[in-house]
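First up is the structure itself, then whatever we jot down about it.
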Amino acid sequence: MRETLAMILAGGVGSRLNILVKERAKPAVPFGGIFRIIDFALSNVMNSGLNQVAVLTQYKPLSLMRHIGDGSAWDFVGRTRGVKILPPRTGEQDSDWYKGTADAVRQNIDFIEDRPSRDVLILSGDHIYFMDYHDMVRHHREVGAKVTVAMMTVPWEQTSQFGIGILDEKGRIVDWEEKPEKARSNLASMGIYVFNTRYLLDALRATKEVDFGHHIIPKAMADGELYSYIFNGYWRDVGTISSLWDANMDMIRTPAPLNAEGWGIVTNVEADGLPYDRAPARILPGAMVKNSAISPGCVIAGHVENSVLSPDVTVEAGASIKDSVIMHNTTVKSGAAIYRTVCDKGVMFGKDVRVGIGDASVPNREYPKHLYAGLTLVGKKAEIPPGVTVGTNCVIFPRITAQQWPSDRELADGRSLMT
4 MRETLAMILA GGVGSRLNIL VKERAKPAVP FGGIFRIIDF ALSNVMNSGL
54 NQVAVLTQYK PLSLMRHIGD GSAWDFVGRT RGVKILPPRT GEQDSDWYKG
104 TADAVRQNID FIEDRPSRDV LILSGDHIYF MDYHDMVRHH REVGAKVTVA
154 MMTVPWEQTS QFGIGILDEK GRIVDWEEKP EKARSNLASM GIYVFNTRYL
204 LDALRATKEV DFGHHIIPKA MADGELYSYI FNGYWRDVGT ISSLWDANMD
254 MIRTPAPLNA EGWGIVTNVE ADGLPYDRAP ARILPGAMVK NSAISPGCVI
304 AGHVENSVLS PDVTVEAGAS IKDSVIMHNT TVKSGAAIYR TVCDKGVMFG
354 KDVRVGIGDA SVPNREYPKH LYAGLTLVGK KAEIPPGVTV GTNCVIFPRI
404 TAQQWPSDRE LADGRSLMT
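And the structure:
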């Protein structure tokens, strides 16, 4: 694997995650208690024995850059090992920003040329999965491919969400359907590619096309150089609030399809300048915790069920959390009831509030394509005052204060409270 260079694309906006990406890049969104989304790609690179990796950033990259740091959390430090963060080479025009996945790599051709390699592994930094890239690279070389696409079988009803490949008997991709209404195959692209380095450089120089999926991959197929690698493990695109919530729930289902620790997924435990020396979680007398993931630093005196709690969450006596994802440094005061909620960092739920209980069939008025499945979304450092009632499919924007709530202290189903 020393002849393989990894490049992680981590610059997308991820707008369907709504206010969770208002202040951070999608790959930097917290996940599963102690992790961030990009930890899965970085850990897969580490566990696959790759020594050199670049992370291509663009949208709101600061928290992502702080999280990656010098790469030591993933053992990317040493004379022959390293992680390099590559921002866009911006000038004075908007056109200097990355225009697509292929353009992002094209702007960093010199990085590839400065690190001689046989293959380049192109990854997305915003998926939750465990994969040994060594197997994919070996397959790529054995079949003599110039380009190999990782693919997996998806339910037929989901094929309209993916690029779909049609294969011949040798595993060569002979036709491609981009998000088809009626697919001829249910083998979907995972957005993971292995390129022969010389073929990649020639392809990027030969055209100004900007996207791998729409432009470079179809050209490789036309050349007869595009092959598939079939993946049978766990993989999720957590690009929506519902899919992010569902992947978090996969950690606590029985049996759990997502086993981050068992897969060797690691994170930067000193991100944001805070050493990870938190005390163990404390479950106080009278508390009840059922089928939940509780991170270090949490103090639980109330009821937590079917939920994932990040570090330093406090649940007071008489409070309850159910079917929710609660991120760092959040406090749930006594008497509060939180149901089917995705909550960002530093939120204050006041006494006796009710959040996420209502008519799940009412989609959010402002964001009907983001919140429609009976989840409520609470932004970073928002304050929900005592006695407030919040319905389902609601959005509460970051840093909302007690003074900004309506006088009746109620947010009806499908409504948003904006700054």
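Numbering (my numbering), first residue to last: 4 to 422.
Here a beta-carbon is modelled for each residue, glycine too, at the ideal position from N, C-alpha and C.
Where residue i falls, given that 16 or more other Cβ within 10 Å makes a residue buried
i, result
"A405", "exposed"
"N235", "exposed"
"G94", "Residue placement at G94 is poorly supported in this model, since its pLDDT is 46, which falls under 50; the coordinates are not used for a value here."
"K182", "exposed"
"N294", "exposed"
"D411", "exposed"
"W238", "buried"
"T83", "exposed"
"G289", "exposed"
"M291", "exposed"
"L420", "buried"
"G336", "The identity of residue 336 in the sequence shown is Lys, whereas the question assumes Gly. Classification for K336: buried."
"W179", "buried"
"P158", "exposed"
Nearest to residue i (by Cα), restricted to the options the options
i, options, result
"A263", "I131, A282 and N111", "I131"
"T243", "T7, S18, R5 and R27", "S18"
"V140", "T60, D205, T334 and R121", "R121"
"A223", "T7, S410, F198 and D171", "F198"
"K354", "D326, E386 and V345", "E386"
"A340", "W179, L261, W266 and S323", "S323"
"D287", "V381, A304, E6 and A415", "Asp is not the amino acid found at residue 287; the sequence shown has Leu there. Cα-wise, what sits closest to L287 is A304."
"G52", "L204, T7 and N21", "T7"
"E369", "H142, A9, Y232 and I22", "I22"
"D129", "K383, V356, L59 and D113", "L59"
"I112", "T200, I399, W159 and P158", "T200"
"V427", "V241, D326 and R256", "In this structure the chain extends from 4 to 422, so residue 427 is not present and cannot be described."
"F34", "E160, S298, A282 and G14", "S298"
"I125", "V152, V146 and R144", "V152"
"D416", "V48, G147, S245 and T392", "T392"
"F215", "E228, G194, Y202 and A225", "G194"
Limits of the unbroken alpha helix (DSSP H) element including residue i
i, result
"E145", "Y136 to E145"
"T200", "T200 to A209"
"L65", "L65 to I71"
"K222", "I220 to A225"
Simplified DSSP state of residue i, which is helix, strand or coil
i, result
"Q161", "helix"
"E95", "Annotation note: pLDDT 45 at E95 (below 50); position unreliable, no value reported."
"I268", "coil"
"D42", "helix"
"D261", "According to the sequence provided, residue 261 is Leu. The question's Asp does not apply to it. Coil at L261, not helix or strand."
"T423", "Since the displayed the chain opens at 4 and closes at 422, residue 423 lies outside it and no answer follows."
"W248", "helix"
"F352", "strand"
"F215", "helix"
"K87", "strand"
"D122", "strand"
"V48", "helix"
"I195", "strand"
"D178", "strand"
"L378", "coil"
Residue interval of the beta strand (DSSP E) (run including residue i)
i, result
"K325", "S323 to K325"
"M291", "M291 to K293"
"T156", "V150 to T156"
"A57", "Q55 to L59"
"I341", "A340 to Y342"
Interface flag, residue i vs chain D, CB-CB below 8 Å
i, result
"G267", "No chain D is part of this structure, which consists of one protein chain only."
Quick test of the definition: if touching needs 3 or more C-beta pairs under 8 Å, does the stretch 81 to 91 touch the stretch 161 to 168?
The stretch 81 to 91 and the stretch 161 to 168 do not touch, with fewer than 3 CB-CB distances between them shorter than 8 Å.
Mind the definition here: the stretch 250 to 261 touches the stretch 307 to 315 only if three or more C-beta pairs lie below 8 Å; say whether that holds.
yes
Would you check if the stretch 101 to 119 and the stretch 69 to 80 touch, i.e. whether three or more CB-CB distances between them fall below 8 Å?
no
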